[in-house]
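K.L.:
I'd like to ask some things about the structure below.
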Amino acid sequence: MGHKKNLLCACGHTLVIDSTQAGSMLRCRCGEQIQVPTLREISQLPDAEHAARQATAIPGRWTRTQGILFAIGAACLLLGGTTATVLFTNLPKSDLPGRAGTVAKLDRQLDRLSPRDTLKLWQFYEAAPNLMVGIEKRLKTIENQRARYSLIGWIVGVGGLVTGAALISLSLRGGKQQGP
Numbered sequence: 346m347g348h349k350k351n352l353l354c355a356c357g358h359t360l361v362i363d364s365t366q367a368g369s370m371l372r373c374r375c376g377e378q379i380q381v382p383t384l385r386e387i388s389q390l391p392d393a394e395h396a397a398r399q400a401t402a403i404p405g406r407w408t409r410t411q412g413i414l415f416a417i418g419a420a421c422l423l424l425g426g427t428t429a430t431v432l433f434t435n436l437p438k439s440d441l442p443g444r445a446g447t448v449a450k451l452d453r454q455l456d457r458l459s460p461r462d463t464l465k466l467w468q469f470y471e472a473a474p475n476l477m478v479g480i481e482k483r484l485k486t487i488e489n490q491r492a493r494y495s496l497i498g499w500i501v502g503v504g505g506l507v508t509g510a511a512l513i514s515l516s517l518r519g520g521k522q523q524g525p
């Protein structure tokens with residue numbers, strides 16, 4: 346007896362044939378008559394044993410290490426994304442609160458102020474000289490804090506994304522199929 350091969354019917358059913366059946370006619374369970382190919386053509390058909398092994402192969406179970414890697418990777422993705430989102434949505438406001446903020450905003454628009462607004466600003470400066478002391482320093486502190494929040498948000502977000510994706514891909518890469 347020769348090597349067993351698979352022959353596919355038009356209905357989708359697979360018939361197992363042997364090289365001794367070359368050139369003969371077979372009847373499929375659907376009733377169709379199938380011509381068995383010549384020996385040369387039979388050698389190019391898929392092996393029946395290999396196909397049977399593939400059909401019964403079960404996917405390998407995850408190891409504990411793979412599960413831990415996947416869980417840590419998913420946690421990194423979630424924590425990194427959540428932390429970055431919280432940092433970006435809670436950036437400190439770029440303006441000072443209260444009258445100091447109003448003065449700082451007017452000070453930045455000094456070139457576009459009308460003569461009347463310029464006079465009002467000057468009168469305000471005269472009435473509250475201590476208010477103007479340190480405004481520039483406070484604005485710089487706020488800008489530095491915003492930049493720090495943004496940098497930390499980017500580092501945590503991208504770091505969490507890269508770390509999580511790497512750990513998840515490592516956990517998935519180890520899942521190979523096992524034969525019976």
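All you need for this note's numbering is the position in the sequence shown, starting with 1, plus 345. Yeah, the Cβ is synthetic: ideal placement off N, Cα and C, and Gly gets one too. Note that the structure is predicted; figures quoted are calculated from it, not measured.
Measuring CB atoms only, is the segment 411-427 touching the segment 457-477, in the sense that at least three cross pairs come out at less than 8 Å?
P.N.:
These segments do not touch.
K.L.:
Rounded to the nearest angstrom, what separates Leu422 and Ile500 at their Cα positions?
P.N.:
As a position in the sequence shown, residue 422 is number 77, starting the count at 1. As a position in the sequence shown, residue 500 is number 155, starting the count at 1. Cα to Cα, Leu422 sits roughly 13 Å from Ile500.
K.L.:
Report yes if the CB atom of Ser516 is closer than 8 Å to the CB atom of Gln411, and no otherwise.
P.N.:
On the sequence shown, residue 516 is found 171 positions in, with the first residue counted as 1. On the sequence shown, residue 411 is found 66 positions in, with the first residue counted as 1. The answer is yes: Cβ separation under 8 Å.
K.L.:
To the nearest angstrom, report how far apart His358 and Arg518 are at their CA atoms.
P.N.:
As a first step, residue 358 must be located in the sequence shown, where it is residue number 13. As a first step, residue 518 must be located in the sequence shown, where it is residue number 173. Going from the Cα of His358 to the Cα of Arg518 covers about 34 Å.
K.L.:
Let's see if you can read the secondary structure: which residues bound the alpha helix (DSSP H) around Thr410?
P.N.:
Residue mapping note: residue 410 aligns to position 65 of the sequence shown, counting from 1. First-last of the alpha helix (DSSP H) with Thr410: Arg409 to Thr434.
K.L.:
Counting C-beta neighbours from all protein chains within 10 Å, is the total for Leu352 16 or more, i.e. buried, or is it exposed?
P.N.:
Translated into positions along the sequence shown, residue 352 becomes position 7. The residue in question, Leu352, is buried, as its Cβ has 16 or more Cβ neighbours within 10 Å.
K.L.:
Assign Lys350 to one of three DSSP states: helix, strand, or coil.
P.N.:
Sequence index remark: in the sequence shown, residue 350 carries index 5 (1-based). Strand.
K.L.:
Could you pull the start and end residues of the beta strand (DSSP E) that Leu371 belongs to?
P.N.:
Taking the sequence shown and counting its residues from 1, the one referred to as residue 371 is at position 26. That run of the beta strand (DSSP E) goes Met370 to Arg372.
K.L.:
Which of the three DSSP states, helix, strand or coil, is assigned to Gln378?
P.N.:
Looking up residue 378 in the sequence shown gives position 33. Note: Gln378 maps to strand in three-state DSSP.
K.L.:
Three Cβ pairs or more, each shorter than 8 Å: is that satisfied between the segment 483-502 and the segment 423-439?
P.N.:
Yes, the segment 483-502 touches the segment 423-439.
K.L.:
Work out the CA separation of Leu390 and Lys350 for me, nearest whole Å.
P.N.:
Within the sequence shown, the letter at position 5 stands for residue 350. Within the sequence shown, the letter at position 45 stands for residue 390. In a straight line, the C-alpha of Lys350 is about 6 Å away from that of Leu390.
K.L.:
Glu559 and Ala355: beta carbons closer than 8 Å?
P.N.:
For residue 559 there is no data in the structure shown, the boundaries of the chain being 346 and 525.
K.L.:
So, under 8 Å CB-CB, Ala429 and Gly509 are touching, yes? Tell me the CB distance rounded to an integer number of Å.
P.N.:
For the purposes of this step, residue 429 is taken as residue 84 along the sequence shown, with counting starting at 1. For the purposes of this step, residue 509 is taken as residue 164 along the sequence shown, with counting starting at 1. Not really, about 12 Å apart at Cβ, beyond 8 Å.
K.L.:
Note down the Cα distance separating Arg425 from Pro437, rounded to an integer number of angstroms.
P.N.:
Counting from 1 along the sequence shown, the entry for residue 425 is found at position 80. Counting from 1 along the sequence shown, the entry for residue 437 is found at position 92. Residue identity differs from the one stated: residue 425 is Gly in this sequence, not Arg. Gly425 and Pro437: Cα-Cα distance of roughly 20 Å.
K.L.:
Can you give the Cα-Cα distance for Gly504 and Ala511, rounded to whole angstroms?
P.N.:
Here residue 504 is taken as the residue at index 159 of the sequence shown, counted from 1. Here residue 511 is taken as the residue at index 166 of the sequence shown, counted from 1. When rounded, the distance between both Cα atoms is 11 Å.
K.L.:
Could you spell out the range, first to last residue, of the beta strand (DSSP E) harbouring Thr359?
P.N.:
Here residue 359 is taken as the residue at index 14 of the sequence shown, counted from 1. Where Thr359 is concerned, the enclosing beta strand (DSSP E) stretches over Thr359 to Ile362.
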